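Asks: Got a structure for you, questions after.
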Amino acid sequence: MDTSKWTIRIDANTTGFRKAFGGLNAEQLNWKPNPQTWSIAQNIDHLITINSTYFPVLEALQTGTYRVPVTGRLGFLVRFFGNFILQSVLPDRKRKMKTFPIWEPSVSTLPGGILQQFEQHQERLKKAIRHASGLLDQGAVISSPANKSIVYKLDKAFDIITLHEIRHLEQAREVLALMKR
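If you're matching positions, the sequence shown starts at 41 in my numbering and goes up one per residue.
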């Protein structure tokens with residue numbers, strides 16, 4: 041399957057983050073309008089964290105050691121969960137969602153190099169997606185790294201990942217706008 045849809049979106053997301061936040065220093069990247077709101081750096085760290093949890097899944101699929109949960113054999117559940125999760129991460133941010141604890145930012149103050157770490161991560165993500173082309177052709181089903189009962193097709197996972205990045209780009213831009221006030 042052609043993976044360019046996702047790799048192009050990843051490049052656009054990376055460029056969006058670089059253009060919006062590339063000129064900020066560590067203090068600005070870590071600025072928060074209040075304790076309940078994530079900083080720009082925390083939004084970036086969250087994306088690195090959540091996307092990285094998919095790498096072991098992809099590796100297990102590639103090596104043939106991945107075991108699809110029972111729920112992954114039920115097509116209606118695969119479609120339901122995939123569509124539900126996709127709707128929940130759409131960039132419009134109409135519905136505020138709380139993330140699973142495993143995907144929360146690691147610390148409240150992150151290094152100023154977080155944007156460069158994100159750019160490196162994005163290259164690794166693109167490589168993993170390109171390498172998964174055959175799995176996409178097979179219609180591979182995976183479970184969410186956060187909850188084994190939540191299952192969806194691999195192509196839906198890549199849609200979720202790339203649209204989720206846009207959601208957090210918008211969230212981080214909102215923090216930047218508040219910082220500039």
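Glycine is no exception: its CB is placed at the ideal position from the N, C-alpha and C atoms.
Keep in mind it's a predicted model, so treat the numbers as computed, not measured.
Counting C-beta neighbours from all protein chains within 10 Å, is the total for residue 197 16 or more, i.e. buried, or is it exposed?
Replies: buried
Asks: Nearest-angstrom Cα distance between residue 112 and residue 68?
Replies: Each residue's Cα considered, the two are about 43 Å apart.
Asks: Can you give me the C-alpha to C-alpha distance between residue 161 and residue 118, rounded to a whole angstrom?
Replies: 28 Å
Asks: Just verifying my parser: in three-state terms, what is the DSSP assignment at residue 110?
Replies: helix
Asks: Kindly list the residues whose CB is nearer than 7 Å to the CB of residue 208, restricted to its own chain and excluding five residues on each side of it in sequence; keep chain order.
Replies: 83, 86 and 87
Asks: Helix, strand or coil: how does DSSP classify residue 173 here?
Replies: helix
Asks: Of the residues 123, 48 and 149, which one's Cα is nearest the Cα of residue 75?
Replies: 149
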